[in-house]
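What follows is a single structure, written as C-alpha cells, with notes after it.
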Amino acid sequence: MQLTDSGCELRPTGIDATRLALLREELFQESRAGTRCLLDHPLVREIAIALRHELSATGHLSESAVAIQAIAFDKTAETNWKVAWHQDLMFPFARAVTTAGYDLPRLKDGVDYARPPVPVLERLLAVRLHLDDCDETNGPLRVIPGSHRHGIISTDDVPSHLVQQEAITCLAKEGKALLMRPLLLHASSQATVPKHRRVLHFVYDGGGPMTEEWHRRI
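Encoded structure:
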C-alpha cells in the first residue's frame with residue numbers, strides 16, 4: 131500500500147528498541163484504553179520530532195510540518211474495544227474556534243476540539259508507531275483503501291464504500307509506523323487473543339493556510 135493511492139503505508143522507523151521500551155514503560159503504567167494530549171511529555175516530543183525529520187527526508191511530510199497531537203492506545207483483555215468504521219475528524223485547538231468552516235466545537239478534558247475544513251483535513255497525516263507486534267489476533271486496524279479521497283463521508287454513505295472497496299487489514303511489527311490519512315475510513319475489531327497492542331498515534335499538519343491555532347505545534 132502506498133500513501134498517495136491507498137491513503138496508508140507501512141514504513142520502518144529509526145526508533146530503537148531502547149526508546150520503544152521506555153515508551154511502553156512511561157506511557158502505559160496504568161491500565162487505560164486511550165491516553166491523550168501527550169505532546170507535553172519529553173520523550174513523546176523527542177519521538178515526534180524524530181519521526182518528523184524521518185518523514186520529511188522521505189517526502190512524506192513537508193519541511194514545515196508540525197506535530198499537533200499524540201495519543202497512546204492499548205488493547206488488552208480489560209480494554210478490548212471494538213471501533214466501528216469512521217474517519218478521524220475532530221482535532222484539538224488552542225481555544226474555542228470562531229471561524230466559519232471549523233465545525234462541531236466541543237470541550238473535552240479541558241481542551242477545545244473542532245472539525246477543521248476539508249482542505250485542512252486533507253493535509254493531515256497520522257503516524258501510528260507500533261510499540262508491540264500487531265497480528266490478526268489482537269484487533270488490528272482495517273482500512274478502506276482510497277476512501278480518503280472522498281472528503282467527509284456521512285454515516286449513511288459508509289456502507290456503500292464498504293461494498294465498493296475491500297477492506298485491508300494492517301498488520302505491523304514492533305517499531306514499524308503506519309502512515310494514514312485521517313480521512314481514510316478505518317475500524318478495528320475486538321481482539322480474539324487479547325494481549326498488548328500498544329500504539330503511539332501522532333498527527334502532523336503538513337502546513338498551509340490556517341485561521342485557527344492548534345492546541346500544540348511541535
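So in the working numbering, spot 202 of the sequence shown is number 332, and the numbers just go up one at a time. Virtual Cβ for every residue (Gly too), placed ideally from N, Cα, C. On a predicted model such as this, the values are computed, not experimentally measured, just so you know.
| query | result |
| --- | --- |
| Uninterrupted alpha helix (DSSP H) stretches inside the stretch 208-263 (no shorter than 4 residues) | 248-253 |
| Status (buried if at least 16 other CB within 10 Å, exposed otherwise) for residue 145 | buried |
| For residue 150, the nearest candidate out of 174, 184, 312 (CA to CA) | 174 |
| Residues sharing a beta bridge with residue 197, DSSP | 334 |
| Residue from 307, 334, 345 with nearest C-alpha to residue 252 | 334 |
| One or two residues paired with residue 139 in a DSSP bridge | 309 |
| Contact set for residue 193: own chain, Cβ-Cβ below 7 Å, skip 5 residues either direction | 186 |
| Nearest neighbour of residue 246, chosen from 297, 319, 217, 190 [CA to CA] | 217 |
| Nearest residue (CA-CA) to residue 132, options 169, 309, 238, 191 | 309 |
| Endpoints, the beta strand (DSSP E) within which residue 316 is located | 316-318 |
| Beta-bridge pairing of residue 272 - partner residues as DSSP gives them | 299, 317 |
| Residue nearest to residue 231 in terms of C-alpha spacing, selected from 297, 237, 244, 344 | 244 |
| C-alpha gap between residue 148 and residue 209, whole angstroms | 26 Å |
| Candidates 206, 197, 211, of which the one nearest residue 223 by Cα | 197 |
| Local Cβ density within 10 Å of residue 278, reported as buried at 16 or more and exposed below that | buried |
| Euclidean distance between Cα positions of residue 189 and residue 328 | 27 Å |
| Residue 288 in three-state terms, based on DSSP | helix |
| Residue 293 (DSSP reduced to helix, strand or coil) | helix |
| Residue environment, residue 311, which counts as buried when at least 16 other CB atoms sit within 10 Å | buried |
| Beta-carbon contacts of residue 394 that lie in its chain and below 7 Å, excluding the five residues immediately before and after | Outside the shown range of the chain, which is 131 to 348, sits residue 394, and nothing can be said about it. |
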